[in-house]
Amino acid sequence: MLKGTGLLRADEIKDALRLQRDTRERLGLIFLRKGSISDENIRSVVTAQIGIETEKTENLKIESDTLRKVPVTFAHHHRVIPVKFENDTLTVATDNPFNFLAFGNFKIFLGYKIEGILTTGQDLDDLLEKYYGLKEGAPIDALVAGMDTRKKITLREIEEEKARPISKEEETPVVKLVGLLIAEAFKKRASDVHIEPLENKFRIRYRIDGVLHEVPGPPKRLQASVISRVKIMAGMDIAEKRLPQDGRIRIEIGGKELDLRVSTLPAIYGESVVLRILDKSSFLLGLKELGFMPEDEKRFERLIKAPNGILLVTGPTGSGKTTTLYASLSHINKPDRKLITVEDPVEYQISGINQVQVKPQINLTFAMGLRSILRQAPDVIMVGEIRDFETAQIAIQAALTGHLVFSTLHTNDAPGAVTRLIDMGIKPYLVASALQAVLAQRLVRVICPNCKEEYDPSKEEIAALNLKPEQLKKAKFFRGKGCDECGNSGYRGRIGIFELLIMTDEVREMIFEKASSSTLKEKAKNFGMATLREDGVRKVLKGMTTVSEVMRVTQQDVV
């Protein structure tokens, strides 16, 4: 076909034919490799010869039954993906026009009559990645399926397995598997990878939008090899299996550099490993991206620009406190202000800010770090967490001597932070004088925009919202029905719900009088503070999240 186009010289064709006899490579690939002809030239010639045109396939929806007609390895090797199966005929998409000439061979292997559509290389890559896993290799379930398994393994066998070195035959698939586990976790937007040896299985789970999801895991006999591989990557002692260890992995995926914090914990069936994926883009958000309602955002922005005082962010582990603190620091990070942080650990480095890593093994604690920071004449200080009286006392003193201090506490709501400081031993008058505000927060999952639909809530859901009749009359409720984009969960991404307690004269007076957190909460609500649940309900009415999601994360909150 190419010979009659005038695109190639006779000597180029002769050389290519000679190479083909030696290498058995396709002529088109030889011409491409030697630069004799372009990929577009070959596509044009072949498509004109067999009468086909390129089609866009970016919006194709492929049924799972159709996907099972073609093995994963066949799809990647031949650059095809099945898109439709009707009347015993399988339609495949491919970016290689030469495949149209090989459909007879495909029929022998696959057992169906084959028809094809030609698509672009990028569209096919997207389809292969979406339905079969990463372009770079077979997905996890395909890799795991090729490994043999055992039904039952005893503790004695596990101990023997721990002591056994990794064989060369295992090493390559294990390296590939661990790489895929991390890459797939990032692709699915997971925040953590949990590698858990159980009695009869080796379980792998991803935490996506705050909820754990199990994924196909390797056979039990490979658990020691997989865990050793992770420990090597994290710079840990692979021989030490009796004590917990911490490490860090830096890896590049899809042109993006990621940090992973790794923790191991000895358990009876082997070491439990958790990899925390630290994606810089998820930490360094702006205030507008956190999820504040407009009025709360304005109040919070005014607070973080104050010249002095303490601003506390409270909530359980995984509620987004660090993200909120980083967003706040980034917002006020200007050349005319000196910002210093003391953290455990330093999650991400922010340009223009001096960040200190806590090191308890050399007695560099939050309290010692904070005391030293004050000698550096900062304008703004961020303390990762107030854990004890000493740290709290120094933070209070810093706030009262002209510094703006950010920190976190683990309390259920905003008023609870006040009583926690007093319980630590800080005098009520010092708390009332130094504290500017407390922000309590949780993270709720956002309804997937791709499968969002309106629905009628149940009586129980309506009752839980505690809406006024006029609110209920105008309200519309949404949920996600589940799709490929969100892994059929109905949710994609998370936003914060907030409870912002601002220190007014009335609230300060109540702190002087040692009022309980519940009394403080009622008083603050009278002055316009929205509770966590009330803020969640506002986001339900805005169509951002669901009733069940708000109820899930605010079980301890009472409207």
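Residue numbers in the sequence shown follow the numbering used here, run continuously in steps of one, and reach 559 at the last position. Note that CB positions come from ideal geometry on N, CA and C, so glycine has one too.
| query | result |
| --- | --- |
| Along the chain, where does the alpha helix (DSSP H) containing M233 start, and where does it finish? | Q223 to M233 |
| Three or more beta-carbon pairs under 8 Å between the region 475-491 and the region 516-530, yes or no? | no |
| From the DSSP output, read off the bridge partner residues of H403. | None, per the DSSP bridge assignment. |
| Can you check the region 467-552 for any beta strand (DSSP E) of at least 3 residues that lies completely inside it and give the ranges in chain order? | 477-480 and 491-502 |
| Are the Cβ atoms of A440 and E499 separated by less than 7 Å? | yes |
| Tell me the rounded alpha-carbon separation between K359 and G384. | 13 Å |
| Using DSSP bridges, identify the partner residues of R337. | For R337, which the question treats as bridged, DSSP gives no partner whatsoever. |
| Do you know offhand how far S518's Cα is from R492's? | 34 Å |
| What are the start and end residues of each continuous alpha helix (DSSP H) run of 4 or more residues lying completely inside the region 57-109, in chain order? | 64-67 and 72-78 |
| Suppose you measure from the CA of T66 to the CA of T91; what does that come to, to the nearest Å? | 9 Å |
| Compare the beta carbon distance of I394 and I381 with 7 Å and say whether it is the shorter of the two. | no |
| Buried or exposed: where does G309 fall if 16 or more other Cβ atoms within 10 Å of its Cβ makes it buried? | buried |
| Whose C-beta lies closer than 7 Å to the C-beta of K84 among residues of the same chain, with five residues either side of it excluded? | T66 and T91 |
| Look up F292 in the DSSP assignment and say whether it is helix, strand or coil. | coil |
| Taking its Cβ as the centre, do 16 or more other Cβ atoms sit within 10 Å of S351, making it buried, or is it exposed? | exposed |
| Determine whether the beta carbon atoms of G496 and G291 lie at a separation below 7 Å. | yes |
| So, helix, strand or coil for Q560, using DSSP? | Absent from the structure is residue 560, since the part of the chain shown begins at 1 and ends at 559. |
| Cα-Cα, which of A392, A224 and S263 is closest to P428? | A392 |
| For S516, count the other beta carbons within 10 Å of its own beta carbon; 16 or more makes it buried, fewer makes it exposed. Which is it? | exposed |
| Checking 7 Å against the spacing of the C-beta atoms, do S560 and L443 come in under that value? | Absent from the structure is residue 560, since the part of the chain shown begins at 1 and ends at 559. |
| According to DSSP, which residues form a beta bridge with F202? | P197 |
| Going by Cα to Cα distance, which pick from P173, E454, N354 and E214 is closest to S225? | P173 |
| Tell me whether L212 is buried or exposed, calling it buried when 16 or more other Cβ atoms sit within 10 Å of its Cβ. | exposed |
| Looking at A327: is its Cβ nearer than 7 Å to the Cβ of L404? | no |
| With 16 other CB atoms within 10 Å as the buried threshold, where does I362 fall? | exposed |
| On the three-state DSSP scale, how would you describe T120? | coil |
| On the three-state DSSP scale, how would you describe D15? | helix |
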